[in-house]
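Residue numbers (my numbering): 16 to 271. For every residue, glycine included, the Cβ atom is placed at its ideal position computed from N, Cα and C. Just so we're clear, the structure is a prediction, and the values are computed from it rather than from any experiment. These notes are about the structure you will find just below.
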């Protein structure tokens, strides 16, 4: 049995042990929207998909038109890759954009301390866009105009509508359609601000600014293989039957 003096000694020792201080959380400073916009304008767009996951505020600012005006004034324009993929068993085509892999922080728990090691970003990944059903993209005419991607037609599910993807906000809107737009079975070409649609009985030209369509006549009728044309230096070129030709948009004639 312990004596009364030993009990008092143990009690004094237990009460003199120092308690570990409770870590206090440091509140995150609130940054103004204007300051965030200024910061985002200086960051590569490859990081935008990752930044949009931080908060709803970040996601909202990244879709502001003012952000892209600021990027333009700072000379920070850059091209981005967009891909539409359809994979079984999902029947809906999904759109992706290329983004930079974020840095990862690995935490190792020890007996007395925690070690944190930062692993630098390596390579790129495709980030899925949070967009609803965008219509068929396979065998349709896809054309970029500024920050917009136009989706015309489609062979499996022909549509007379024109779907437009705004790459700034990653949202779709519907453009003015044509009853002949669904006949397009070949990719489109953009020349002098007009989008030329191939396939069907006649060639079609679409003016995005006015949202108007026009037929370009039988002389534009093309029964080409899908791989036989390209737009080079704002000129529509065609390779068929062992030769090259180009389309004169003023005279509406093919020339050799």
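Output the distance between the C-alpha atoms of residue i and residue j, rounded to the nearest integer angstrom.
{"i": "residue 141", "j": "residue 110", "result": "9 Å"}
{"i": "residue 221", "j": "residue 228", "result": "5 Å"}
{"i": "residue 185", "j": "residue 116", "result": "19 Å"}
{"i": "residue 262", "j": "residue 158", "result": "18 Å"}
{"i": "residue 74", "j": "residue 212", "result": "35 Å"}
{"i": "residue 104", "j": "residue 145", "result": "19 Å"}
{"i": "residue 179", "j": "residue 67", "result": "21 Å"}
{"i": "residue 255", "j": "residue 114", "result": "38 Å"}
{"i": "residue 106", "j": "residue 187", "result": "19 Å"}
{"i": "residue 219", "j": "residue 181", "result": "23 Å"}
{"i": "residue 139", "j": "residue 76", "result": "23 Å"}
{"i": "residue 224", "j": "residue 252", "result": "24 Å"}
{"i": "residue 260", "j": "residue 48", "result": "53 Å"}
{"i": "residue 247", "j": "residue 112", "result": "25 Å"}
{"i": "residue 250", "j": "residue 264", "result": "9 Å"}
{"i": "residue 268", "j": "residue 94", "result": "33 Å"}
{"i": "residue 71", "j": "residue 64", "result": "12 Å"}
{"i": "residue 266", "j": "residue 231", "result": "11 Å"}
{"i": "residue 108", "j": "residue 143", "result": "11 Å"}
{"i": "residue 69", "j": "residue 189", "result": "29 Å"}
{"i": "residue 204", "j": "residue 50", "result": "40 Å"}
{"i": "residue 81", "j": "residue 167", "result": "28 Å"}
{"i": "residue 177", "j": "residue 85", "result": "29 Å"}
{"i": "residue 245", "j": "residue 46", "result": "47 Å"}
{"i": "residue 165", "j": "residue 156", "result": "8 Å"}
For a test of the three-state rule: what should DSSP assign to residue i, helix, strand or coil?
{"i": "residue 116", "result": "coil"}
{"i": "residue 86", "result": "helix"}
{"i": "residue 270", "result": "strand"}
{"i": "residue 91", "result": "coil"}
{"i": "residue 159", "result": "strand"}
{"i": "residue 236", "result": "Per-residue confidence for residue 236 stands at a pLDDT of 49, beneath the threshold of 50, marking its modelled position as unreliable; no derived number is given."}
{"i": "residue 264", "result": "coil"}
{"i": "residue 71", "result": "helix"}
{"i": "residue 101", "result": "coil"}
{"i": "residue 60", "result": "helix"}
{"i": "residue 52", "result": "helix"}
{"i": "residue 128", "result": "Any answer about residue 128 is weak, because its pLDDT of 42 lies below 50 and its placement is not dependable; what the coordinates show is given next. Looking at residue 128 - three-state DSSP - the assignment turns out to be coil, as it is neither helix nor strand."}
{"i": "residue 106", "result": "coil"}
{"i": "residue 42", "result": "Residue confidence for residue 42 is low, a pLDDT of 46 falling below 50, so the modelled location carries little weight and cannot support an answer."}
{"i": "residue 96", "result": "coil"}
{"i": "residue 77", "result": "coil"}
Which whole-angstrom value is the C-beta distance of residue i and residue j, which I expect to be below 8 Å?
{"i": "residue 62", "j": "residue 183", "result": "Contact doesn't hold; Cβ gap of about 15 Å is too wide."}
{"i": "residue 191", "j": "residue 226", "result": "4 Å"}
{"i": "residue 271", "j": "residue 258", "result": "7 Å"}
{"i": "residue 79", "j": "residue 52", "result": "7 Å"}
For residue i, which residues does DSSP report across the bridge?
{"i": "residue 247", "result": "250"}
{"i": "residue 13", "result": "No statement about residue 13 is possible, as the shown extent of the chain runs from 16 to 271 and does not include it."}
{"i": "residue 220", "result": "211, 229"}
{"i": "residue 10", "result": "One cannot answer for residue 10 here, as it falls past the ends of the chain, which runs 16 to 271."}
{"i": "residue 164", "result": "159, 180"}
{"i": "residue 204", "result": "211"}
{"i": "residue 258", "result": "255"}
* Counting Cβ pairs closer than 8 Å, one from the stretch 46-62 and one from the stretch 85-92, do we hit at least three? -> Contact check between the stretch 46-62 and the stretch 85-92: three or more CB pairs, one atom from each, fall below 8 Å, which counts as touching.
* To do: Kindly confirm or deny that the stretch 96-113 and the stretch 204-214 touch, where touching means at least three C-beta pairs closer than 8 Å.
  => no
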